[in-house]
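Participant: Mind having a look at this structure? Questions to follow.
Chains as they are written, first to last, in the working numbering: chain A, 34 to 345; chain B, -5 to 258.
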């Protein structure tokens, strides 16, 4: 187990280093002169050649790629994400503020998704290929094809413009989270229903289940002790993907609903060419993503000991 | 199941023939008739500049589907190559390729695509680059997985003993066995590319106006949501139906593959 853990952690470290390098390389080679952009943002018309040169030296842009990369990664290891190139403020507190809007949204989206998909999948698999099952599959397929931004616009149209029940833009009151969370949640529900359904069906198909029935084990007990753990494995895999979906969905959804979360933060930072902010968001997303996938790998091993043997 | 293939074919035909089927010039500005409701003249109505929405959708199919096709095929080539190198190139190559794959998988892909397209500057080239860079990894994983399982197959072992080079083995023995599974992955990535293109277009980082790309059209339509909500419905519908048709085609393909495998 310790060897398995060590190899997983090592792999995660390699991947994260690669991710940081890729991010930095992209922004380093981005078209346009970052020093000029910073000077323009700070001093506007006063951005003369001398000012630009000073800014370049201050921002550490006059050294080569590798020194600049190390100067960024070093502080990153101790949690220092640097300063905004536009305002000069520390990036981390701003990211955390944005995150405090995105986290509740992602969580609410996940809960809505579970609240819809779990009962739907359980009821649908009572009678495979029955009308309810077909309905669930159809809903899941259509749901997977609907882009989050369009669904969001449709919900705004219906609930905010047409019915006037819910607020659409901003994040002033707690009611403002309902439409964005619903947008995310419906998308999550579509993919989760699909996975849960096939997971449960496959688990019910296991050859040892009739043996339990014949030995007189109650149906509920079989479901709980044998079907549920089997169905859990594909579901856990999907949680990693679901997290990606939630993060991406949150980006789009926050832009549509003008919610000041990580998505709006990222898009604004890109438009302002405020690269330290962009780097911070991308690296945080990668850390989050890799950590969750690491936990998933561990969870797998606990649920199905065979996996570790094969994969470590 | 066959009807799904027909629907997908219909979209291909629409994307190819769209510009000839379009009743109007998609760029023809017609201010007096701006934001017209659907009528005999403008079947789906007109947008804020009086351009015919149906014509724009038909021309847009070429952008959305055509670009998605290009992106998914480039990804297919890169990913398959990477997967084959990993499977055939020995332990070190395998480790390097797979860790590179993991690294690219470490980013939620739409976020990475938004950052790449946004940082490189809006435009078609950076759009293709952004979605390709974030879209080759799944092919690589599938190609490697199947490649490793082929390694101990009798005919591959014999080919190796007969002195065939790894390239020849990859070409003659691996690729044919990989293609069916890669085709299934490809349908999924094709649909993903359509969603990605329209998402980037909607954020303003993708295909630029006045090109009639579906996501860009949605961005335009959003401003006039209150007065002409229908204008916002059409491009979204186009994306949904298209992605649905492709996904269902992929499902049908996968099912018939599984069926074949069970028979053999």
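Glycine included, C-beta positions come from ideal geometry on N, C-alpha and C.
Can you find a C-beta in chain B that's less than 7 Å from the C-beta of residue 180 (chain A)?
Facilitator: yes
Participant: Can you list the residues of chain C that residue 234 (chain B) reaches, using a CB-CB cut of under 8 Å?
Facilitator: Judged by its chain identifiers, the structure shown contains no chain C, and its protein chains are A and B.
Participant: Relative to chain A, which residues along the stretch 137 to 151 of chain B have a C-beta separation below 8 Å, given in chain order?
Facilitator: none
Participant: With a CB to CB cut of under 7 Å and the five nearest residues on each side skipped, what residues in its chain are close to residue 228 (chain A)?
Facilitator: So the list reads 267, 268 and 271, once near-sequence residues are dropped.
Participant: Considering only heavy atoms of the ligand MG, does any lie closer than 6 Å to the CB of residue 200 (chain B)?
Facilitator: You won't find the ligand MG in this model; it holds no ligand whatsoever.
Participant: Output yes if chain B places a C-beta closer than 7 Å to the C-beta of residue 46 (chain A); else output no.
Facilitator: no
Participant: Which residue wins for smallest C-alpha separation from residue 212 (chain B), given the options A:279, A:261 and A:183?
Facilitator: A:183
Participant: Evaluate residue 121 (chain B) with the Cβ neighbour count: other Cβ atoms within 10 Å of its Cβ, from every protein chain shown; 16 or more gives buried, anything less gives exposed.
Facilitator: Classification of residue 121 (chain B): buried, given that the 10 Å Cβ count is 16 or more.
Participant: Leaving out five residues before and five after residue 132 (chain B) in sequence, what residues of the same chain have Cβ atoms less than 6 Å from its Cβ?
Facilitator: 179
Participant: Beta carbon of residue 8 (chain B), beta carbon of residue 55 (chain B): below 7 Å?
Facilitator: yes
Participant: Rounded to whole angstroms, what is the Cα-Cα separation between residue 291 (chain A) and residue 173 (chain A)?
Facilitator: 28 Å
Participant: DSSP three-state label for residue 128 (chain B), please.
Facilitator: coil
Participant: What does the alpha-carbon distance come out to for the pair residue 321 (chain A) and residue 161 (chain A)?
Facilitator: 37 Å
Participant: Closest to residue 280 (chain A) by C-alpha separation, out of A:95, A:171 and A:318, would be which residue?
Facilitator: A:318
Participant: I need the straight-line Cα distance from residue -3 (chain B) to residue 230 (chain B), nearest angstrom please.
Facilitator: Their backbone Cα atoms lie some 23 Å apart in a straight line.
Participant: Could you name the residues of the stretch 252 to 286 of chain A whose beta carbon sits closer than 7 Å to any beta carbon of chain B, in the order they occur along the chain?
Facilitator: Under the 7 Å Cβ criterion, the stretch 252 to 286 of chain A contributes 277, 280, 281, 284 and 285.
Participant: Output, in chain order, the set of chain B residues within a Cβ distance shorter than 9 Å of residue 322 (chain A).
Facilitator: 99, 100, 101 and 102
Participant: DSSP beta-bridge partners for residue 46 (chain B)?
Facilitator: Secondary-structure assignment with DSSP links residue 46 (chain B) through a beta bridge to B:40.
Participant: In this structure, does DSSP put residue 348 (chain A) in helix, strand or coil?
Facilitator: As shown, chain A starts at 34 and ends at 345. That puts residue 348 (chain A) outside it, with no answer to give.
Participant: Out of A:283, A:300 and A:67, which one is the CA nearest neighbour of residue 218 (chain A)?
Facilitator: A:283
Participant: Which whole-angstrom value is the C-beta distance of residue 222 (chain B) and residue 29 (chain B), which I expect to be below 8 Å?
Facilitator: 5 Å
Participant: Do residue 243 (chain B) and residue 48 (chain A) have their CB atoms nearer than 7 Å?
Facilitator: no
Participant: Please report the straight-line C-alpha distance between residue 97 (chain A) and residue 90 (chain A), rounded to a whole angstrom.
Facilitator: 12 Å
Participant: Return the CA-CA distance between residue 198 (chain B) and residue 214 (chain B), expressed in angstroms with no decimal places.
Facilitator: Using only the alpha carbons, I get a separation of about 10 Å.
Participant: Whose CA, out of B:190, B:67, B:119 and B:181, lies closest to the CA of residue 285 (chain A)?
Facilitator: B:190
Participant: Measuring CB atoms only, is the stretch 185 to 199 of chain A touching the stretch 153 to 172 of chain A, in the sense that at least three cross pairs come out at less than 8 Å?
Facilitator: no
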